[in-house]
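Okay, so here's the structure we're looking at.
Numbering (our numbering), first residue to last: -14 to 930.
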């Protein structure tokens, strides 16, 4: 059997058939890492990066001397990016998928340019070295200290990058009609965030966006009242030899706190918003349906008897809800009856006023599945809906792609129609067999005709990185296709493709427009409705095709979205408020105002820019640097500190040097651990991990001394020393939510005891782990299984054994629960119960340890071990209330119950110091017949690969 296991180990270790194709473009100041499918985007980005650096250096009089790592990829099939700003190894990540038309980042000269500028400003702003030599020396060797050195509030970091993205391009979120209309609406409702709320990522509607939108406007206000140099002095003071936090640096320049000045800014902004409201006529729209929070993409059924809308609550739960379009007369009658009963019992009482509209009946609900989201529902017929959701790419870890699914409303059946197609918004043709869709992959946005049966996409236009498409919408008779299109340095345009005539033309827009989105056809197919923005307001417009006239249906009194037309001509739309979005309606009798001043071209208006303006956005094809294969040997290293305390055994201080490459293909750590309180445990360790696609290899080397008698709860185990090594190879296999990981491992250990005996042991292990889960938001279920078989020998005899563990977990009414079971057995060898995993003695690398944090090392030994338990938590990611029982040779040895928490922290890329960090703590009552019942606790944070 050993020969078989060894042969499998060698085969697995040499089977690198799935080679990754990461490449790197090395420019003067950047290393741009990309996969081959993103080559065009990455090449253009490499040019843009050097241009942005030059302009920002001129504008800021600051740059970074470090070579900056840039990752170009598309993990979410949506527009985003981020920067991680240590002063020694700064990096940024650029997501290639461009933003859609109805987002706060749609107002760009080009997505690539705005994204690079925003993230690079973050690095220049936040990764500057301090002028204190000794503090900078620490920053250069200790990642965690480096990253936490800055005390910049989120609103200042994001607001400043947003401010410069607009000042240096004349576009961006500072000059975005959509953003301005929403902020004005919030101001008119007295709902702009307080200073303490400005940096929040959760809370009220759009809370996470306020750091960008309002933060940038506050900083611009400060520059206008004082100067750009005055604001810049804050950043200079924060890097001084004298250590200052943000508040101290700010107030020392402006003579007042940021909190105080922000209140004045909000007062002025609200005053202007209220003055605007005084000049406006009363909105013509009336309430139609009150929704709870966030809503998007409403769609009327073909018979107009139902409306489907995607809703999301404050906790991020997403669902597709179908409402009846009929008035809820039953609710009105019940309300009236309730009020009559009140008056009957108390004639002098004042009854409730009736709501403006009674909640329409909710007919069906589809919760998102496995957190895949729900977007853009479209009715195939009155019984079936197509919608967008994300599919996991099983070949690339942590990557998802937009796909199309169907939902049969009556049966509840959900089917996946496309696989890794990258289709975002779409329209249905040919009785559901054909989609006209925007496809986004590797930075290219294309308008395609997609055949579901053959899974083939036919582009309608030649693809270019300059072009972005959105909202393809077929007319009711399928003879025309309306769609949005933008290209670099231009506004979004609304176009109509006439299939019968074979012609295409652009819909006229109001003069000075900037925002454009959400087109929908009138019920007869002779008109198009859409939302356009100018002068800081959003309005609904109607374009009458036959008359070639543009009609404005609202007058900027509300922030409006998603117009839909009922059979009688009533316009349904969503109104954006500080509490979310609600349905309103415009009566069919309202005719609107014909617009005669039309835009003469599609060039986007540029607002105030400074002298260091970026050039017009373009796709660069020049080779700006040398392109080579990605090199995982380009390592960064950091000091890594960890500490663990365990009241049952000992404390442990871990000091190590940890390193990795940017993509974490090759990780390593070497260090020393020691108990500081009782000298029970000490030793050195080294570990290395190499991963490539689905393959992963680990090697660990250890040398430690253990004395159980010196533990806080001493045991009778002999003092001993262990030294040896461990290697394994794993293959990570997944299909959707199912993950299976077979592995082979080998361990060799020399053991010296205080009795003078020396021996060695070695073992081979074949393992398979499996995990599956299914999530329906408030309810979920999952399970994982680990099965391991051992064959080993030592100086005395051969031995065999097995481990089996099973865990069932899930949520019921949003309450996380789990139950677990574990069994281990050794023939001719012993298991030892107790102790905790650490950098020195890592979990699963020793066949004889069964870790239990509430017990000391070597609490007992046996050939058979069995354990079961369970727990519940208040919410996902919160500590567990748990119970656990340990049995040795069929006898209960100990049981514990209390509270515990355990988690691993890591980004999966970037600096070594912010990955592979383990955190755990707990407090439990421990009971057993062989020791005194007591309360025990543990607390730890440590690095382990």
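A virtual CB, placed ideally from N, CA and C, is assigned to each residue, including glycine.
Please read all numbers here as calculations on a predicted model, not as lab measurements.
Assign residue i to buried or exposed, taking buried as 16 or more other Cβ atoms, counted over all protein chains shown, within 10 Å of its Cβ.
i	result
residue 115	buried
residue 364	buried
residue 486	exposed
residue 409	buried
residue 863	exposed
residue 205	buried
residue 249	exposed
residue 578	exposed
residue 711	buried
residue 274	buried
residue 517	buried
residue 505	buried
residue 345	buried
residue 574	exposed
residue 488	exposed
residue 721	exposed
residue 920	exposed
residue 917	exposed
Give the straight-line distance between the Cα atoms of residue i and residue j, rounded to the nearest whole angstrom.
i	j	result
residue 700	residue 777	27 Å
residue 679	residue 731	20 Å
residue 328	residue 334	6 Å
residue 932	residue 430	Since the first and last residues shown for the chain are -14 and 930, residue 932 lies out of range.
residue 858	residue 801	5 Å
residue 937	residue 619	The requested residue 937 does not occur in the structure, where the chain is confined to residues -14 to 930.
residue 241	residue 639	44 Å
residue 226	residue 197	30 Å
residue 301	residue 281	14 Å
residue 319	residue 312	14 Å
residue 621	residue 264	60 Å
residue 44	residue 445	42 Å
residue 958	residue 161	The question about residue 958 has no answer here: the residues shown for the chain are numbered -14 through 930.
residue 671	residue 658	11 Å
residue 729	residue 92	53 Å
residue 932	residue 927	Missing from the structure shown is residue 932; the chain here goes from -14 to 930 and no further.
residue 12	residue 113	21 Å
residue 735	residue 757	38 Å
residue 272	residue 509	25 Å
residue 99	residue 150	6 Å
residue 820	residue 810	19 Å
residue 687	residue 822	13 Å
residue 85	residue 454	8 Å
residue 17	residue 33	11 Å
I'd like the span of the beta strand (DSSP E) that includes residue i, first residue to last.
i	result
residue 735	723 to 738
residue 478	478 to 483
residue 626	621 to 631
residue 145	It is not in any beta strand (DSSP E) - residue 145 instead sits in the alpha helix (DSSP H) that spans 139 to 152.
residue 903	902 to 912
Which whole-angstrom value is the C-beta distance of residue i and residue j, which I expect to be below 8 Å?
i	j	result
residue 69	residue 14	With 8 Å as the limit, residue 69 and residue 14 do not qualify as a contact, their Cβ atoms being about 17 Å apart.
residue 432	residue 468	6 Å
residue 111	residue 143	Wrong, their Cβ atoms sit about 11 Å apart, outside the cutoff.
residue 827	residue 645	At roughly 17 Å, the Cβ-Cβ gap does not stay under 8 Å, so residue 827 and residue 645 are not in contact.
residue 348	residue 303	Rounded, the Cβ-Cβ distance is 18 Å, inconsistent with contact.
residue 525	residue 548	5 Å
residue 855	residue 804	4 Å
residue 847	residue 748	In fact, because the Cβ distance is near 18 Å, the residues do not count as touching under 8 Å.
residue 913	residue 878	6 Å
residue 121	residue 30	At roughly 30 Å, the Cβ-Cβ gap does not stay under 8 Å, so residue 121 and residue 30 are not in contact.
residue 774	residue 751	5 Å
At a cut-off of 8 Å, would you count residue i as near the ligand ZN, judging by its Cβ distance to the nearest heavy atom?
i	result
residue 443	Absent from the structure shown: the ligand ZN. Ligands present: none.
Taking residue i as part of the alpha helix (DSSP H), name the residues at either end of that continuous run.
i	result
residue 245	243 to 263
residue 330	314 to 330
### Message
Extract the residue ranges of the alpha helix (DSSP H) inside the region -5 to 62, only unbroken runs of 4 or more that lie entirely within it.
### Response
24 to 45
### Message
Give the list of continuous beta strand (DSSP E) stretches no shorter than 3 residues that lie fully inside the region 580 to 617.
### Response
611 to 614
### Secondary structure, alpha helix (DSSP H): runs of 4+ residues fully inside the region 166 to 213
195 to 210
### Message
Quick check on the DSSP output: what are the complete alpha helix (DSSP H) runs of length 4 or more inside the region 793 to 869, in order along the chain?
### Response
none
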